[in-house]
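Read the structure below first, then the notes.
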Amino acid sequence: MLTPTRPHHRLAVALTALGVLLTGAALQTTTAAPAHAATTHRVLFDNGHAETAGNADWIISTSQPNPLSEDSSPSAETDWTGALSSWGVALQKTGDYSLDTLPSGSKLTYGGTSATDLSNFDTLVLPEPNTLFTTAEKTAIMTFVKNGGGLFMISDHTGADRNNDGYDAVKILNDLMTNNSVDSTDPFGFSIDSLNISSGYPAAISDSTNAVLHGSFGTVTKSLIANGTTATLKPADNSAVKGLLYRSGYSGNTGAFFATSTFGGGKVAFWGDSSPIDDGTGQSGNTLYDGWNDTGATNAALALNATEWLSS
175 MLTPTRPHHR
185 LAVALTALGV
195 LLTGAALQTT
205 TAAPAHAATT
215 HRVLFDNGHA
225 ETAGNADWII
235 STSQPNPLSE
245 DSSPSAETDW
255 TGALSSWGVA
265 LQKTGDYSLD
275 TLPSGSKLTY
285 GGTSATDLSN
295 FDTLVLPEPN
305 TLFTTAEKTA
315 IMTFVKNGGG
325 LFMISDHTGA
335 DRNNDGYDAV
345 KILNDLMTNN
355 SVDSTDPFGF
365 SIDSLNISSG
375 YPAAISDSTN
385 AVLHGSFGTV
395 TKSLIANGTT
405 ATLKPADNSA
415 VKGLLYRSGY
425 SGNTGAFFAT
435 STFGGGKVAF
445 WGDSSPIDDG
455 TGQSGNTLYD
465 GWNDTGATNA
475 ALALNATEWL
485 SS
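Quick note: the sequence shown uses this note's numbering, first residue 175, plus one each step.
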């Protein structure tokens, strides 16, 4: 005997099945993986090589290694103490950077256990070093870059020997490039000129695709020389070397005030003067000048874009 169909029961079953499907879809929606947070770029500023000798105050904060101990949420350049505080605060405010300083008396290392070991960072900033790097430090720096790190070298004019030890930043940075155990055959494709250029506003080349000149921090048009130097480029030694800003009347391989290059898996940037990174504020007793906000230049955009390029 056939059992008569029961339409009400079939409708209830269908609705129940539909409910299960909708519930499953809702669960899939609510349990989807969250978007990844922005990558934190790790930057180490060097203060282990007399960067505060004389009137220099090339630090992002007096709190070292961690500037957040001075102010954990800085909003203005004076919240951190140092002539590079504007640079540091600008990066900190993005939320995309983790900043530290190699304290005075410390050595640069790579592959060690120290919290300031270069293996823990994406970029190393050398803001006008005034003492020679040791043999071990030069090996550490060059290996760091070769293995993918970013190196930001900032020089000053020849004769800017602030601690009177016989070495200025020109000699020290040239020694790093020509007297190391990793590659001393002009690894970056440039040498720093022994010059003292009193003044000028080096202009940027025309290259709309260049990430340093046209980065997320703005467009670079000019920089500032207030007793600085330039570099001579040698593309035959490293074809990646490129001048981005030039002293007036210069182009090509001579008179490069700002240049970039690569080495192994890493990136390199060179700036011929410390005046553009000086924000005019710092520790008492120093004579400082505000080049960071110079109205005839775009120094902040240049420093920040270059840091981003090196760290990416």
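The beta-carbon is built from N, C-alpha and C at its ideal position, and this holds for glycine as well. Keep in mind that this is a model prediction, so the values were computed, not measured.
One alpha carbon belongs to D335, the other to D296, and they sit about 29 Å apart. In this structure, the straight-line span from the alpha carbon of V344 to that of Y375 is close to 20 Å. Each residue's CA atom was taken as its position, placing S365 and A250 some 36 Å apart. The shortest CA-to-CA distance from W261 to any of F318, A227, D464 is the one to D464. In chain order, S235, T236, S237, W254, T255 place their CB closer than 7 Å to the CB of E244, counting only its own chain and leaving out the 5 sequence neighbours on each side. With a beta-carbon spacing of about 33 Å, H331 and D270 fall beyond the 8 Å limit used to define contacts. In the structure shown, T352 falls within a helical segment according to DSSP collapsed to helix, strand and coil. Under the three-state reduction of DSSP output, L258 falls in the coil class, being neither helix nor strand.
For D360 against N412, the beta-carbon gap comes to about 7 Å, under 8 Å, which counts as contact. In chain order, L387 place their CB closer than 7 Å to the CB of D381, counting only its own chain and leaving out the 5 sequence neighbours on each side.
A direct Cα-Cα distance of roughly 30 Å separates A227 from G417.
Each residue's CA atom was taken as its position, placing D447 and L265 some 21 Å apart. Residue pairing from DSSP places P301 in a beta bridge opposite I328. Secondary structure note for S435: its beta strand (DSSP E) is the uninterrupted segment 430-437. Separation of the CB atoms of S280 and G222 is rounded to 5 Å, and the pair is thereby assigned contact status at 8 Å. About 20 Å separates the beta carbons of I233 and T268, which is beyond the 8 Å limit, so they are not a contact pair. Judged by DSSP in its simplified three-state form, L369 adopts coil rather than helix or strand. In the same chain as D291, and ignoring 5 residues on each side of it, the C-beta atoms closer than 8 Å to its own belong to T283, Y284, G285, in chain order. In terms of CA proximity to M327, D349 leads the group D349, S355, A410.
One thing to note: A405 has its Cβ no nearer than 8 Å to the Cβ of F437. Straight through space, the alpha carbons of A433 and T395 are spaced by roughly 14 Å. Apart from sequence neighbours up to five positions away, the residues of its chain that approach S358 with a beta-carbon distance below 7 Å are T352, ordered along the chain.
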